[in-house]
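What follows is a single structure, written as structure tokens, with notes after it.
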């Protein structure tokens, strides 16, 4: 997939997202930061060890690399650059994770169960939020329109790119309509009478839906009209 | 003779097992951490490993491995690399993070 960058590409692709996940969140980062020196020391030791033993494995023919899938840059003329990066990232990732997990274990918190439960709860709330679909007129209209568009696209066998455009357009309209409904309800609850500022906020939210709807209609026209018009005319 | 197995035993098991014995109290106390590390390596790491093998980044000499293969990866990869390799990283991390406090 990445040709000569394959090894490095996969290493970065699989190591950096979990590192972002661990270090971006303040709750996690603040705990791991207390061990940062020790995490770095462990990572460096493991990296040096890995850089010494990996070329030995290659010499022993434990495995081999494809010449066209690696950069062929050797640090100190001994170890492949990718191997060093692999060891550094893997060690840092696992040491960070272990530091975090130990901290939570000591606090008596089962962090994985807590996170999974939190995620499921968020999904549950989001799914329950769809009940607005049945309460708002405009949302039901947009949902019906999206159903029509998707059925038409299926019957007309539109291409993958066209599907992508339709899904993005419909998703934007429905998503913005949900936000608009929320703002409408919140505004009405906050200011039951007439309030100029609230009115402006509600109008702006409605305008955002209109913008997305116009773009969605244009996308639909570009995709469907060339197929439908010749059959009608 | 099975160079991959010899390599894993020599460089992962040999330093890992005495370290595991020395840090056994930490290993028992924080077994959930060790098991979760193993779980992530065996799931996300396995996908990565398989993808790299499938796209030809690295390859194994079938004549020089133990025999059983799973999804294109030799048995040594699972027993030695995932288990012993992860254990070694976990133990070195324990050593630095816990400073052998329970030894």
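Chains as they are written, first to last, in my numbering: chain U, 112 to 344; chain S, 35 to 137. The C-beta atom is built at its ideal place from N, Cα and C for all residues, glycine as well.
Going by the beta-carbon positions, is the gap between residue 54/S and residue 125/S smaller than 7 angstroms? Contact annotation: residue 54/S and residue 125/S have beta-carbon atoms nearer than 7 angstroms.
Extent of the continuous alpha helix (DSSP H) to which residue 299/U belongs: 271-301
Does residue 131/S come within less than 7 angstroms of chain U when only Cβ atoms are used? yes
DSSP three-state call for residue 136/U: helix, strand or coil? Of the three classes helix, strand and coil, the one that applies to residue 136/U here is coil, per DSSP.
How about residue 125/U: is its C-beta nearer than 7 angstroms to some C-beta of chain S? yes
For chain S, find out if any of its Cβ atoms is closer than 7 angstroms to the Cβ of residue 146/U; answer yes or no. Interface residue, yes.
When the Cα atoms are used, what is the spatial distance from residue 336/U to residue 114/U? In a straight line, the C-alpha of residue 336/U is about 41 angstroms away from that of residue 114/U.
If you count every other CB in all the chains shown that lies within 10 Å of the CB of residue 91/S, and 16 or more means buried, which is it? Note on residue 91/S: 16 or more other CB atoms within 10 angstroms of its CB, so buried under the neighbour-count rule.
Can a CB atom of chain S be found closer than 7 angstroms to the CB of residue 176/U? yes
Could you check which residue in 196/U, 208/U and 167/U has the C-alpha nearest to that of residue 189/U? 167/U
Looking at chain S, is there any beta carbon in it that lies within less than 7 angstroms of the beta carbon of residue 189/U? False, the Cβ-Cβ gap to chain S never drops below 7 angstroms.
Residue 78/S versus chain U: which residues are under 9 angstroms apart at the beta carbon? 125 and 129
Counted within 10 angstroms of its Cβ, other Cβ atoms place residue 270/U as buried (16 or more) or exposed: exposed
If the criterion is Cβ atoms closer than 7 angstroms, does the pair residue 106/S and residue 82/S meet it? no
Drop a sphere of 10 angstroms on the beta-carbon of residue 118/S, count the other beta-carbons inside from all chains shown, and report buried for 16 or more, exposed for fewer. buried
Span of the alpha helix (DSSP H) around residue 158/U: 147-170
Any idea if residue 260/U is buried or exposed, counting beta-carbon neighbours within 10 angstroms, 16 or more meaning buried? By the neighbour-count rule (16 or more Cβ atoms within 10 Å), residue 260/U is buried.
Within-7 angstroms CB hit, residue 171/U to chain S: yes
On the three-pair Cβ rule with 8 angstroms, is the region 247-254 of chain U touching the region 219-226 of chain U? no
Have a look at residue 183/U and residue 118/U and give me their C-alpha separation to the nearest angstrom. 11 angstroms
If you measure between the beta carbons of residue 305/U and residue 285/U, is that distance less than 7 angstroms? no
Which same chain residues end up closer than 7 angstroms to residue 40/S when comparing Cβ atoms and leaving out the 5 residues on each side of it in sequence? none
Nearest-angstrom Cα distance between residue 137/S and residue 56/S? Because residue 137/S sits at a pLDDT of 39, beneath the cut-off of 50, its placement in the model cannot be relied upon, and the point is left open.
In DSSP terms, what residue 175/U is bridged to: 93/S
At the level of alpha carbons, what is the spacing between residue 298/U and residue 127/S? Going from the Cα of residue 298/U to the Cα of residue 127/S covers about 53 angstroms.
Please report how far the alpha carbon of residue 296/U lies from the alpha carbon of residue 235/U, in whole angstroms. 21 angstroms
Taking only beta carbons into account, state which residues of the region 215-229 of chain U come closer than 8 angstroms to chain B, listed in chain order. Absent from the structure is chain B; the protein chains it does hold are U and S.
Inter-stretch contact at 8 angstroms, needing at least 3 Cβ pairs: the region 92-100 of chain S / the region 169-183 of chain U: Touching, per the Cβ criterion.
Would you call residue 221/U buried or exposed, if buried means 16 or more other Cβ atoms sit within 10 Å of its Cβ? Residue 221/U comes out exposed.
Please state whether DSSP places residue 108/S in a helix, a strand or coil. strand
Does the beta-carbon of residue 50/S have 16 or more other beta-carbons within 10 angstroms, so that it is buried, or is it exposed? buried
One question on the structure: do residue 294/U and residue 316/U come within less than 7 angstroms of each other, judged by their Cβ atoms? yes
Looking only at DSSP bridge pairs, what is residue 84/S linked to? Residue 84/S pairs with nothing; no bridge assigned.
Quick check on residue 153/U - is its C-beta less than 7 angstroms from some C-beta in chain S? yes
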